[in-house]
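Working notes, beginning with the structure itself.
Number of protein chains: 2
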Amino acid sequence: MSVMWTVKVVGLGVVALSLSVELVGWLLHRLRPKRTRNEVLFFPSKMACINHIFAPSSPQLCFCPLPHGVETSFSRLLRCILSASSSLDLCVFSFSNMDLSRAVLTLYSRGVTIRVLTDKDYAAITGTQIGVLRKAGICVRCDVDSVYMHHKFSVVDNRLLITGSLNWTRTAVQSNMENVIVTEDPDLVRPFIKEFQKLWLHNDPARYPYSSDPKPAHKATTPRTDKP
Amino acid sequence: MSVMWTVKVVGLGVVALSLSVELVGWLLHRLRPKRTRNEVLFFPSKMACINHIFAPSSPQLCFCPLPHGVETSFSRLLRCILSASSSLDLCVFSFSNMDLSRAVLTLYSRGVTIRVLTDKDYAAITGTQIGVLRKAGICVRCDVDSVYMHHKFSVVDNRLLITGSLNWTRTAVQSNMENVIVTEDPDLVRPFIKEFQKLWLHNDPARYPYSSDPKPAHKATTPRTDKP
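Protein chains in written order, with the working numbering: chain A, 41 to 268; chain B, 41 to 268.
Right under this line is the structure:
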């Protein structure tokens, strides 16, 4: 009898131990803090060839004079943008950088849904890429209410936020001190998705059918000391 | 004998159960993802009285015509800045907002260590608060290398990062579409602390003792299409 009891106790102990190990493993897996993608890029970026980023699956020899195979802040930024597989929502004050324009056009040619929201005044300055995007068929809307639509953010696939001080210009990338945050943290991504949607709907041209220049009058009188 | 065994088994079972509960509780406590402070503020901000934020412990009656007791993006921003208890590192392109200047001066009067890094050209424009801060004794350095020192970030107590598209100007706060991220996520805060330290040391006036205007010549020739 006592031998049987001993066997039962040992058996129960083994079962309890294995269940405990299972439980601890499950808890560790479920409760371990997940690493959210968070990256900060600083500019000006070093200059390097970025041609290979546009066609990583079929790399071609490039004979441009820039260094090759060098990872820079700008190449990281380009990779983030080009990672879009379904959508890119872009909300940017000034857009004149031709490499970034090429990235947006590349995504568009791949069937990615692109929405661009920009400042009305800066959409028309010399060197802007907004006209190039429009001609390609990309949907662009201009802010009609504020003094400046001064955002510089984009959201990739409703998942990845790219935001900071960097306008999409050549000077910003190559010459200015700038920062860009790249994050998948939902606490940060969600408000930007919501804000984009709000601004996109608010600046629907159908809401302003009879105005050729719906910018408020106070924009022209903004003191120059308060440049954006 | 069998009764003794039963008692022993039940006793062991109770001990094992209580230990398991303890272990599960400990694991839950240790492994639960910690809530990192993450907040996004959008501008333009509604206008509201902010006087009570500067002296929360001794609120005084205010008869200004603005709405009172209203929480806005700007009041949230002010509270974040005024939460500094030991240091405020500020790296901003344009600084002309008098309420934000008041906040920095308030912190300085409380003994908080303030370091301000700004763009050389924008430090001298009409309406700038940089001269006011300098006169008060706050240490200000100007960027000497880049075309524009275009950052708009600050770090409170080496712990809280405030960054975005918002320059510290009246127009940015009241009239522009802008965003500000407030975060304690170390993955985001640490790179900005490091970048500030790098820029602060790099722009030490002692490194440029003989130059009255050490800005690079190319700054003046930057094409206007690439405004920051």
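Built from N, CA and C at the ideal position, the CB exists for glycine as well.
- Note on the region 87-113 of chain B: there is no whole beta strand (DSSP E) run with a minimum of 3 residues.
- Boundaries of the alpha helix (DSSP H) around I170(B): I170 to A176.
- Near chain B, meaning a CB-to-CB distance below 9 Å, the residues of the region 206-217 of chain A are L206, N207, T209, R210, T211, A212, Q214, S215, N216 and M217.
- Judged by their CB atoms, K175(A) and F133(A) are not nearer to each other than the 8 Å cut-off.
- With respect to chain B, the C-beta atom of H242(A) has no partner C-beta closer than 8 Å.
- Annotation: Cβ neighbours of A56(B) in chain A (cutoff 7 Å, chain order): A56.
- Note: N219(B) is bridge-paired with F82(B) in the DSSP secondary-structure output.
- Straight through space, the alpha carbons of V55(A) and E62(A) are spaced by roughly 11 Å.
- DSSP places R181(B) in the strand class (E or B) of the three-state scheme.
- No Cβ-Cβ contact shorter than 8 Å links A212(B) with F82(B).
- Only residues of its own chain outside the window of five on either side were considered, and among them F82, G204 and S205 have a CB closer than 6 Å to the CB of N219(A), listed in chain order.
- The criterion of a C-beta distance shorter than 8 Å is satisfied by Y248(B) and V184(B).
- Residues of chain A whose Cβ lies closer than 7 Å to the Cβ of P245(B) do not exist; the shortest such Cβ separation is about 17 Å.
- Between M138(A) and the set R77(A), Q214(A) and L71(A), the nearest pair of CA atoms involves Q214(A).
- Within chain B, the C-beta atoms nearer than 7 Å to that of N78(A) come from D225, D227 and L228, in chain order.
- At least one CB atom of chain B sits nearer than 8 Å to the CB of K192(A).
- Of the candidates K86(B), V187(B) and L200(B), the residue whose Cα lies closest to the Cα of T158(B) is V187(B).
- By the Cβ rule, the region 83-94 of chain B counts as touching the region 103-115 of chain B, because three or more pairs are nearer than 8 Å.
- Residues R155, L157 and R181 of the same chain have their beta carbon placed closer than 7 Å to that of W240(B), with the five preceding and five following residues left out of the count.
- Apart from sequence neighbours up to five positions away, the residues of its chain that approach A124(B) with a beta-carbon distance below 7 Å are L147, V152, V196 and D197, ordered along the chain.
- If the five residues before and after L145(B) are omitted, its C-beta is found closer than 6 Å to the C-beta atoms of A176, all from its own chain and listed in chain order.
- Around the CB of D129(A), 16 or more other CB atoms lie within 10 Å, so the residue is classed as buried.
- For L122(B) against I93(B), the beta-carbon gap comes to about 6 Å, under 8 Å, which counts as contact.
- The shortest C-alpha to C-alpha distance from E224(B) to any of G65(B), V47(B), K74(B) and R70(B) is the one to K74(B).
- Looking at the backbone, the Cα of R142(A) and that of R77(B) are separated by about 36 Å.
- Taken atom to atom, the span from the alpha-carbon of V49(B) to that of L68(A) is near 29 Å.
- Taking K160(A) as reference, the option from H190(A), I178(A) and L228(A) with the minimal CA-CA separation is H190(A).
- Under the DSSP definition of a beta bridge, C131(B) partners with L157(B) and F193(B).
- Residues of the region 166-181 of chain A with a Cβ closer than 9 Å to any Cβ of chain B, in chain order: T166, G167 and T168.
- Within the DSSP bridge table, the entry for T211(A) names no partner.
- Contacts with chain A at 8 Å (Cβ-Cβ) include I221(B).
- In the three-state scheme derived from DSSP, where H, G and I count as helix and E and B as strand, T203(A) is classed as strand.
- By the C-beta density criterion, V47(B) is exposed, having fewer than 16 other C-beta atoms within 10 angstroms.
- A direct Cα-Cα distance of roughly 26 Å separates L200(A) from S98(A).
- Using a Cβ-Cβ cut-off of 8 Å, Y248(B) does not count as an interface residue toward chain A, since no Cβ of chain A sits closer than that to its own.
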